[in-house]
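Visitor: Counting in the numbering used here, the sequence shown runs from 11 upward without gaps.
The C-beta atom is built at its ideal place from N, Cα and C for all residues, glycine as well.
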Amino acid sequence: MHILFSIALTLLQGVTFGTDGRDVPVSVIALDDGCAVVLQCADPAGGMSYVLALVPFDGSEPVLAPLDIDIDDPTWTRGCGWLSDDSFALQLSSWETVREFSEIQIYSRDTDPADIIWIPEEGYLDAGDLGYSEISSMLPLAGGSGYLMTADLHDADSDDVLSKDLFRLDSHGDTLWVSEIPVEGWWMNPDVLRSMPDGGCVVGSDEDGFSSTLFVSRFDRAGDIQWSAEVDARGEMTHSVQDILPARDDGTLLVGTTDMFRMQYHGLFVMLDARGNIVKETLEYGMGHLVCNSGIPLEDRGGFLLTGWTGEKNEEMMHSVDMDPVLVLLDPFGNVMGWNVLPGPAEYTDPLFILEAGDGFILVGSCWDEDDYYTADAFVEFIDQRDIPEDR
Numbered sequence: 011m012h013i014l015f016s017i018a019l020t021l022l023q024g025v026t027f028g029t030d031g032r033d034v035p036v037s038v039i040a041l042d043d044g045c046a047v048v049l050q051c052a053d054p055a056g057g058m059s060y061v062l063a064l065v066p067f068d069g070s071e072p073v074l075a076p077l078d079i080d081i082d083d084p085t086w087t088r089g090c091g092w093l094s095d096d097s098f099a100l101q102l103s104s105w106e107t108v109r110e111f112s113e114i115q116i117y118s119r120d121t122d123p124a125d126i127i128w129i130p131e132e133g134y135l136d137a138g139d140l141g142y143s144e145i146s147s148m149l150p151l152a153g154g155s156g157y158l159m160t161a162d163l164h165d166a167d168s169d170d171v172l173s174k175d176l177f178r179l180d181s182h183g184d185t186l187w188v189s190e191i192p193v194e195g196w197w198m199n200p201d202v203l204r205s206m207p208d209g210g211c212v213v214g215s216d217e218d219g220f221s222s223t224l225f226v227s228r229f230d231r232a233g234d235i236q237w238s239a240e241v242d243a244r245g246e247m248t249h250s251v252q253d254i255l256p257a258r259d260d261g262t263l264l265v266g267t268t269d270m271f272r273m274q275y276h277g278l279f280v281m282l283d284a285r286g287n288i289v290k291e292t293l294e295y296g297m298g299h300l301v302c303n304s305g306i307p308l309e310d311r312g313g314f315l316l317t318g319w320t321g322e323k324n325e326e327m328m329h330s331v332d333m334d335p336v337l338v339l340l341d342p343f344g345n346v347m348g349w350n351v352l353p354g355p356a357e358y359t360d361p362l363f364i365l366e367a368g369d370g371f372i373l374v375g376s377c378w379d380e381d382d383y384y385t386a387d388a389f390v391e392f393i394d395q396r397d398i399p400e401d402r
């Protein structure tokens, strides 16, 4: 796929790039001279591969380097994240070993793995005759100090989840502690796992099917549970946890999506206090649909800046909705203060990450045009403070 540079107005400029398949960013980090993006690439003919893209800020072309994967026929990653400016960790398994604990591959700016960590099954809950365990999410910790991971124990006959556990691994992959996550139901989406400023973490899970319950649990650095809460997303079928952010006074902001009113997507923003009590729930539908994928706290002004997509409501339920990139401003209490629609590089633009970069921000995601879903590109867009929505 060709490299294409585009400039839209004076407030939004960036670059699209990718392979011949469908490219989805799975991790990104801002650098002094640009950003680095790990791409998960699905070939239309079948097969999965991974690419490291270095995107300069000076307007020169991105450099794409396929990663040397030490696994035949790799599946989608259950977690990828940067350990430092120079290295990142990628959890991988093959389609044959997706129901087994597999490995974490460590990469530097090179395309060859610098290290491979085998995730040991010893120390994990032994499924025995009950079924099988499967990794749901993996989060590398800053500075290479280890990893957090969640795994589901499935029933052998029905595939129902019997229990969900949180694991803390050291830098070698050995288990330091295991804690049970209080959830119920059958699960489809991977867990959302985020570190907190106190050294603990928060796990967000969603039940797919006939219940609209979202589960969120906070753990301290030793793995002891501090609180667990259930959020009614009030959706019909599609409801999910998208991101989790630390809030003031040791609170937690849950960013979710729910399909209110016959497949009309709403952004769901839930503020929880230090004890896990829900103190504020906000729904926002943007131009008709709104999905917020990620966000960052705004340290200088308080509140949060979220990104995702919005589109006009269409009365035909199965008709695709044009997806325009959007920024949503929340105050420190989770109230929506405003939102801005931005020009996108394609008809369907789905920002997945937002990062601070100097005096502005970086949006990273996937984009594609109609009938071109299976050959989506990645994009990096640079925006400045003027794009932050004004308070209502």
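1. Do G375 and P35 have their beta-carbon atoms positioned less than 8 Å apart in this structure?
2. With a threshold of 6 Å on Cβ separation, who are the neighbours of D201 within its own chain once the five nearest residues in sequence on each side are excluded?
3. Is G153 helix, strand or coil by DSSP?
4. So for T385, helix, strand or coil by DSSP?
5. Taking D30 as the reference, give the member of S70, A40, L64, L74 with the closest Cα.
6. May I ask you to list the residues that DSSP assigns as paired with Q395?
7. Return yes when the Cβ of G305 is within less than 8 Å of the Cβ of A284, no when it is not.
8. With a threshold of 6 Å on Cβ separation, who are the neighbours of Y358 within its own chain once the five nearest residues in sequence on each side are excluded?
9. My assumption, with CB atoms under 8 Å, is that P84 sits in contact with V61. Please give the rounded CB distance.
10. Taking the alpha-carbon positions, what's the P282 to V289 distance?
11. According to the neighbour-count rule (16 or more other Cβ atoms, all chains shown, within 10 Å of its Cβ), is R178 buried or exposed?
12. Can you list, in chain order, the residues of its chain with a C-beta nearer than 7 Å to that of Y275? Leave out the 5 residues immediately preceding and following it.
13. Assess, as a yes-or-no matter, whether the segment 335-351 is touched by the segment 381-388 under the definition of 3 or more beta carbon pairs within less than 8 Å.
14. Going straight from the alpha carbon of T292 to that of L337, what length do you get?
15. Would you kindly report the start and end of the unbroken beta strand (DSSP E) that includes R32?
16. State the DSSP-derived secondary structure class of R258, mapped to helix, strand or coil.
17. Enumerated in chain order, which unbroken segments of the alpha helix (DSSP H) with a length of 4 residues or greater are wholly contained in the segment 141-208?
18. In the DSSP assignment, find the beta strand (DSSP E) that holds S238 and state where it starts and stops.
Guide: If we stick to the structure as given:
1. yes
2. Only residues of its own chain outside the window of five on either side were considered, and among them S146, S147, T160, V213, S215 have a CB closer than 6 Å to the CB of D201, listed in chain order.
3. helix
4. helix
5. When C-alpha distances from D30 are compared across S70, A40, L64, L74, the shortest belongs to L74.
6. According to DSSP, Q395 bridges with nothing at all.
7. Contact annotation: A284 and G305 have beta-carbon atoms that are not nearer than 8 Å.
8. M333, W378
9. Wrong, their Cβ atoms sit about 12 Å apart, outside the cutoff.
10. For the record, residue 282 in the displayed sequence is Leu; it is not Pro. Distance between the alpha carbons of L282 and V289: 6 Å.
11. With 16 or more neighbouring CB atoms inside 10 Å of its own CB, R178 falls in the buried class.
12. If we look at Y275 and ignore the five residues flanking it on each side, its Cβ neighbours are T267, D269, H299, L300, V301.
13. Touching, no, given that fewer than three Cβ pairs across the two stretches are closer than 8 Å.
14. 16 Å
15. 32-41
16. helix
17. DSSP runs (the alpha helix (DSSP H)) wholly in the segment 141-208: none.
18. 235-242
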